[in-house]
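For reference, the structure discussed in these notes is given below.
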Amino acid sequence: MIDRLREDLLYLVVFGPGYGESILVRPPGGSWLVVDGCRAQGAAPAAQLLRATARHWSCVVLTHPHLDHAAGLDEVLDCSGAGPVGCADPRVMEPEHWTRSPDAEEWLARGAVEHVLAAIHDRWMRQPEHRWLLRRGDVREVAGMRLRVLHPDEASIPFRDPNRMAAALLVEWENVRLLLGSDVVAVDWEAIAREASDLARHAALKVPHHGSRGAVHDVYAGPAEGAQERVWIVTPYNRGRRLPSFGNDEGLAWLLEREERVQLTGLPVPFERQASYPRTTTLAELQAGRVADSGWSILPAQPADPGCYVAVGFDRDGRLVDERRGPGSVAVHRAVEETGAGATEGGP
Amino acid sequence: MTAPRLPRVDDTLRALAPEIGRTPPGESALWQVSGPATAGKSALLSALRETLSGRGLCPVLLRPPLASFDSASAVLADLAGGLHAHGLVNGQIARWQEPAPFAEKLRTALGWLEDTADRVVLLIDEPGRWPSRSPEDDRFSAHAREVARALTGRVRCRRVVAGPPSEADLSPVRVIHLQRASEPGPWLCDRATWGPLADAAEELWCRAGDRLAPLSPLDLRLLVAITFVSSVETALQALGDPAGRRAFARELARRLDADAHFRPATKTWARLALLRRPFDEALLAVLGATGLSADVQAIVRACLLYEEEGKLVLHETLRLDAREHGWLGGAEERDTHSTIAHHYADAFQARGSLADELEAFFHATRAADARLLAELRPLLSDQLDAMGRELSRVNRDYTGAVRVFERSLEWDPENDYAHHYLAFNLDVQGTEPARVEEHYQRAIALAPENTWWRSRWVSYLVTRGRTAMARQAWDDALDALALPDPDASPEIYENLHLWVARLLIHRGQLDFADHVLRGIPSEIKHRHPGLRSLARLLSRLIEARAARAVFPLSVEVARWWDGPHLAARRDREGRALARWLPGRIDAIDEGVVSLLVAEPPGSGGASPRYGHIDISRAEFDRASRDERSEDLSAGRFVELAFYGDAEEPVIRVHRPGPFRDEDLPPLFPDPARYLRTAGWVGA
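Protein chains in written order, with numbering that gives the first Met the number 0: chain A, 0 to 347; chain B, 0 to 682.
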C-alpha cells in the first residue's frame with residue numbers, strides 16, 4: 000500500500016484493476032476526494048488507502064453507475080468523512096433482470112452497484128446539503144480544491160448509455176489542474192470544449208474510457224502552451240472487450256503520438272495475471288508480447304497481490320515531484336530509445 | 000341436536016355446585032376439572048353456570064376462542080360482559096372500552112373482581128390453551144398467558160378451571176377427574192333425535208352394541224354419519240382404528256368429499272369451522288347450511304353440530320380438522336369471514352354485546368375488511384395490531400396498516416409490536432426512512448430480545464447501504480440474544496440470520512454474509528433447506544470473487560468435478576476422453592477469446608488448479624460444437640474436452656438458461672425499494 004506521502008504535495012492516486020478504477024486526490028494537509036471505486040479480490044483499495052493514511056474523505060463521486068466504477072465505493076462512504084456525495088446518473092438495473100443469471104460474477108457486480116447506489120441515496124436523504132447531482136458547470140470547493148463538472152449536461156439525460164452520462168471533472172488547486180475523464184466518449188468532449196477551454200493544460204489526466212479509440216480527443220490531448228510534463232494514466236478494462244487495445248490504430252498508440260509516456264495501472268488481463276512488479280516498456284513491446292493467444296496451455300494465476308496503481312505528487316506549480324507505481328503497473332513509452340532500456344524492463 | 004349429558008357430568012355437578020356455594024371466596028377457592036378431550040369438561044362449566052345462577056351466585060363463564068391472537072381480548076370481553084349481565088359493573092364498561100394499554104385494562108378488570116369477589120364465580124375454560132401457538136403471535140400469546148395467570152391465580156373470587164390451571168402455582172381445593180363414558184343405546188335409538196339418519200343410528204347400535212360404550216357423543220355422531228353416508232361396515236371398520244376420533248373424522252371427511260351429493264357438506268363444515276363461538280340459526284342460514292338438501296342438512300345438524308344452552312356448536316376438534324382439509328380457497332375463506340363479520344356487526348348493533356363486537360372485529364380482520372374495521376371498536380390494542388398485520392400481509396395495504404399501527408400507538412405508546420410494524424410497513428413502501436428508523440429503534444429499545452425487531456433493523460441498514468452500521472447492529476443483536484448459543488431455538492436463526500444473510504448475499508456483501516451464516520450451528524444449517532441454499536449460493540459467489548467461477552450456477556457444487564457435464568465420453572472418431580476443463584469466457588475482443596479455466600482436482604483430495612487460456616477466435620470457432628465466438632459474450636460458460644492424444648479440444652458451451660433454486664429464500668421486502676421510490680431503478 001502507498002505510504003509516507005509527502006505533506007507538501009497534492010497527490011493523485013489511480014487504482015485499477017482488480018475490477019474497475021478508483022481515483023483519489025489529496026491536497027497538502029487536506030482530506031481525500033474519491034472518484035469511483037474498484038475492488039481487488041474483495042478489498043476496496045480506496046478504502047484501504049483512507050484507513051492507511053488515517054485521513055477522512057471530503058467528497059465522494061460516482062461518475063456513472065457502471066460496474067467497473069461503482070464497486071467498493073460503499074466501503075469508502077462507510078469510512079470516516081463528510082462532504083458532497085456526487086453522482087451524475089443514479090440508476091440501477093431492475094433486480095429481477097439479473098437475479099436469475101447463471102453467472103455468479105454478474106450477481107456480485109450488480110449487487111455491488113445496487114449497494115453503492117443505496118448508500119448514495121441514503122446519504123442524499125439524510126444529508127440533503129451534501130446531495131450533488133453532477134451537471135456541467137457545477138463547481139464545489141472541497142478541501143481547498145476547486146471541483147468543476149465538465150459533463151454531463153441536461154442534454155445528455157435522454158441517453159440510455161451510461162457512458163454518455165458519465166461525469167468528467169476538472170480538479171484545480173493552486174496551479175495544478177487534474178482532468179478526470181471517467182468514461183466520457185469523444186463526441187461529448189467536443190461539447191465539453193465549447194464550455195471549457197484549455198483542457199489540454201493539465202498536470203495529470205485520467206484518460207477517458209480506458210484509452211479506447213472512441214474516447215481520445217485533441218480537446219484534452221492536444222498540445223498545451225508552456226506545458227510541463229503531463230502525466231497520463233490509463234486504467235485497463237479487463238472484462239468483456241478488453242481495453243486499451245495495443246494496435247497502431249487504437250487509443251494507446253494515439254495517445255503516445257501526443258505524449259511520450261502513458262502510465263497503465265495494469266494490463267488489460269485478469270487481476271490474477273498482473274505482474275508482481277512495476278514494468279516499463281514500449282508500445283512495440285506490448286504489441287510483440289501480447290498476452291493473447293497462449294495456445295491451449297493454461298497460464299497459471301499469480302499468487303501475488305499486485306497493487307495496480309499509479310500515484311503522483313505535484314507541487315503547487317504543477318511540477319511532478321513524486322511518482323510511485325504499484326506492482327502490475329506499466330509505464331509505456333513511445334519508442335525504444337526513449338525508455339533508455341531497450342526492452343521491457345522491471346522486476347521484483 | 001342436544002347431546003346427552005355424560006353421566007359423570009351430572010354426578011359431578013350435583014356434588015360440586017353446593018360445595019362451591021359453601022366455600023368462602025379467597026385466592027385458594029379454586030377447583031380444577033381435568034380429563035381427556037370430549038370427557039365433558041366444558042359441558043360441566045356450562046351446567047355450573049346454570050346451576051350456580053339459581054343459587055344466588057354470579058357465575059361468569061370465560062370461554063374465549065382458543066389459541067387466537069385475540070384470546071386475551073376475548074377473555075376480558077367475556078369477563079366484562081358476564082359481570083355486566085349480573086349488573087355488577089354498571090356504567091363502567093363504556094369508559095373501560097376507551098383506548099388504554101393492556102396492563103391498565105387488565106388492572107381495572109381485576110379491580111372489578113376484587114370488588115365483587117363475594118358473589119362472582121369464574122368458570123374458566125381451558126386457560127392453558129388460550130395463547131396462540133404461532134411464533135408470530137408471541138406478543139398476543141404473552142397477553143393471553145398473563146390474563147390466564149391473573150384470573151386463575153391472583154383473584155379472590157371462587158374459580159373453577161377446566162383443564163390445567165395455566166401457569167398458576169396455587170393448589171386447587173379439589174381436582175375433579177372426568178372420564179369418557181356414555182350410555183349410547185337409548186340415544187341412538189331415539190328416532191326423533193336423528194331424523195333422516197334414524198335408521199343409520201339404529202343400525203350402528205344394533206351392530207356395534209357395547210363397543211360404543213366408551214365413546215364420546217362426538218365419536219358416536221361421527222360414526223352415525225359414516226353409516227349414513229357409506230355403510231355400517233365402514234363405520235365398524237373405522238371403529239377398529241386405534242386412532243379413534245381422528246380416524247372417524249378423517250373417514251367421514253373422505254366419504255363426504257368422494258360423493259357429489261354429500262360434498263356440499265364439506266364446504267359447510269369448512270365455513271362453520273371459521274366460527275369461534277356458539278352460534279344461532281340465523282348464522283347457520285347465512286353460511287348456507289339451510290339451503291342444503293334435507294339429508295345433507297341432517298348430517299350437518301345431527302352429526303357435525305350439537306346444541307348447548309340454545310346455541311349451536313361445532314366441536315373444537317372438528318374445527319381444526321376442517322382447516323387441515325383446506326376445503327375453502329383463500330378468497331372463499333376471506334369472503335366467508337367477511338359475511339360472518341357483517342353478521343356479528345349487525346348483532347352488536349342490535350344487542351350491544353362486547354363478544355359480538357369482538358367477533359365482528361376478528362372476522363373483519365381475517366377478511367382484511369378495512370371499511371368495516373374502521374366502524375368497530377377494539378378492546379385491546381392487540382386487535383389493532385392483528386388487524387394491521389392482516390392488512391399488510393393479506394391485502395398488501397401497507398398504507399392502511401401504517402394507519403392502524405399509528406392508532407395502536409395512541410392506545411399504548413409502549414407497544415413494541417406496533418412500533419416495529421409501523422416502521423416495517425413504511426419500510427416496505429420505501430418511504431419516510433427517518434420514521435422507519437425511529438420506530439424500528441424504539442421497538443428494539445422496548446423489547447431488545449425480539450429477534451424479528453433485530454433482524455429487520457439490520458436488514459434495513461443493509462438495504463440503505465450502511466454496512467458499517469449494520470455490522471454494529473448485528474453485533475448488538477448477538478449480544479442482546481446471547482448468541483451463538485448451541486441450545487438456542489432454531490427459530491432464532493430462521494428469523495434473524497436467514498433474512499440478514501439473504502439480503503447481504505444479494506448485495507454482494509460476502510464477508511458479512513459469511514460471518515452471519517457461520518454463526519448458525521451446523522446442525523440447524525444442514526437441516527434447513529433455505530439456509531443450505533444460502534450457504535451454497537454464498538460459496539459460489541465467494542468462488543466468483545476469487546476469479547474461480549468456472550461453472551454456471553445451475554451446476555450443483557457437489558457435481559462440479561463429476562464431469563464432464565456437456566462433453567461426450569468419446570469423440571466422433573471414437574477416441575476416449577483424456578482430460579476436461581470447465582471454463583468461463585472472461586473476455587472476447589476482435590481477435591482473442593480469453594477463458595478462465597480449471598484443471599479438475601485429481602484423486603487424493605488435491606485442489607483444482609485455476610488459470611487462463613487465450614486463444615484466437617478462429618481456434619475457438621474451430622473447436623466449438625455449439626455457438627461461435629461472435630455470438631458469445633463474457634460470462635458464458637464452456638467446457639473443453641481433450642480426446643485421445645489430440646492437442647486441440649472440443650468446446651461445448653453451456654446454454655444460457657436462468658438459474659433457479661426453489662429453496663432460496665425470497666427477497667422481501669424488495670431490496671431496491673428506496674431506489675425505486677426515487678426513480679433510480681431502470682430497465
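No residue lacks a Cβ here, since even glycine has one placed at the ideal position from N, Cα and C.
- For chain A, the residues of the segment 655-668 of chain B that bring a beta carbon within less than 8 Å of one of its beta carbons are Pro-655, Gly-656, Pro-657, Phe-658, Arg-659 and Leu-666, in chain order.
- Looking at the DSSP output, Ala-149(B) sits in no beta bridge, so it has no partner there.
- If you check each beta-carbon in the segment 139-172 of chain A against every beta-carbon of chain B, the ones closer than 9 Å belong to Arg-159.
- Identification of chain A residues near Leu-509(B) by a Cβ-Cβ cut-off of 9 Å yields Gly-41 and Leu-107, ordered along the chain.
- In the DSSP assignment, the residues bridged to Asp-321(A) are Gly-312(A).
- The continuous alpha helix (DSSP H) containing Thr-226(B) extends over residues 216-228.
- Close partners of His-438(B) in chain A (Cβ separation under 8 Å) are lacking, with about 16 Å as the shortest Cβ gap.
- Put simply, of Ala-167(A), Ile-22(A) and Pro-299(A) the residue whose alpha carbon is nearest the alpha carbon of Ala-70(A) is Ile-22(A).
- Contact with chain A is found for Ala-677(B), since one of that chain's Cβ atoms lies less than 9 Å from the residue's Cβ.
- The alpha helix (DSSP H) runs of length 4 or more contained entirely in the segment 37-97 of chain B are, from start to end of the chain, 40-52, 70-84 and 92-95.
- Within 8 Å of the CB of Ile-650(B), no CB atom of chain A is found; the nearest one sits about 10 Å away.
- The alpha-carbon of Gly-239(B) is positioned some 19 Å away from that of Ala-36(B).
- Where Pro-183(B) is concerned, the enclosing alpha helix (DSSP H) starts and stops at 183-187.
- By the neighbour-count criterion, in which 16 or more other beta carbons inside 10 Å mark a residue as buried, Asp-197(A) falls on the exposed side.
- The shortest C-alpha to C-alpha distance from Val-331(A) to any of Gln-262(A), Ala-274(A), Tyr-308(A) and Ala-287(A) is the one to Gln-262(A).
- With a 10 Å radius around the Cβ and a threshold of 16 neighbouring Cβ atoms, Pro-222(A) comes out exposed.
- Taking the beta carbon of Val-115(A) as reference, the chain B residues within 8 Å of it are Gly-464, listed in sequence order.
- Using a CB distance below 9 Å, the part of the segment 506-539 of chain B facing chain A consists of Arg-506, Gly-507, Gln-508, Leu-509, Asp-510, Leu-536 and Arg-539, ordered along the chain.
- Judged by DSSP in its simplified three-state form, Leu-383(B) adopts helix.
- Between the segment 415-428 of chain B and the segment 663-681 of chain B there are three or more inter-stretch CB-CB distances shorter than 8 Å, so the stretches are counted as touching.
- Ranking His-216(A), Pro-207(A), Leu-133(A) and Ser-211(A) by CA distance to the CA of Val-59(A) puts Leu-133(A) first.
- Across the segment 604-631 of chain B, CB contacts with chain A closer than 7 Å involve Tyr-609, Gly-610, His-611, Ile-612, Asp-613, Ile-614 and Ser-615, in sequence order along the chain.
- Taking C-beta separations shorter than 8 Å and ignoring five residues to either side along the sequence, the partners of Thr-233(B) in its chain run Ile-225, Thr-226, Glu-250 and Arg-254, following chain order.
- Close to Phe-245(A), with beta-carbon spacing below 9 Å, lies no residue of chain B; the smallest spacing is near 11 Å.
- The three-state reading of DSSP puts Pro-581(B) in strand, counting E and B together.
- Within chain B, no residue has its beta carbon less than 8 Å from that of Leu-263(A); the closest one is some 16 Å off.
- If you draw a straight line from the Cα of Val-175(A) to the Cα of Phe-658(B), it comes to about 51 Å.
- Pro-157(A) is classed as exposed because its beta carbon has fewer than 16 other beta carbons within 10 Å across all chains shown.
- For the options His-63(A), Arg-25(A) and Pro-64(A), the alpha carbon positioned closest to that of Ala-45(A) is the one of Arg-25(A).
- Met-92(A) is bridged by DSSP to Gly-681(B).
- Taken in chain order, the whole beta strand (DSSP E) runs of length 3 or more contained in the segment 136-207 of chain A are 138-141, 144-150, 167-172, 175-179 and 203-205.
- Interface with chain A (9 Å Cβ-Cβ cutoff): His-653(B) is included.
- When C-beta distances to chain B are compared with 8 Å, the residues of the segment 212-242 of chain A below that value are Asn-237, Arg-238, Gly-239, Arg-240 and Arg-241, in chain order.
- For the segment 297-354 of chain B, the full-length beta strand (DSSP E) segments reaching 3 residues or more read 304-307 and 310-313 along the chain.
- According to DSSP, residue pairing for Pro-299(A) in a beta bridge involves Gly-610(B).
- Counting C-beta atoms within 10 angstroms of its own C-beta, Leu-319(B) has fewer than 16 neighbours from the protein chains shown and is therefore classed as exposed.
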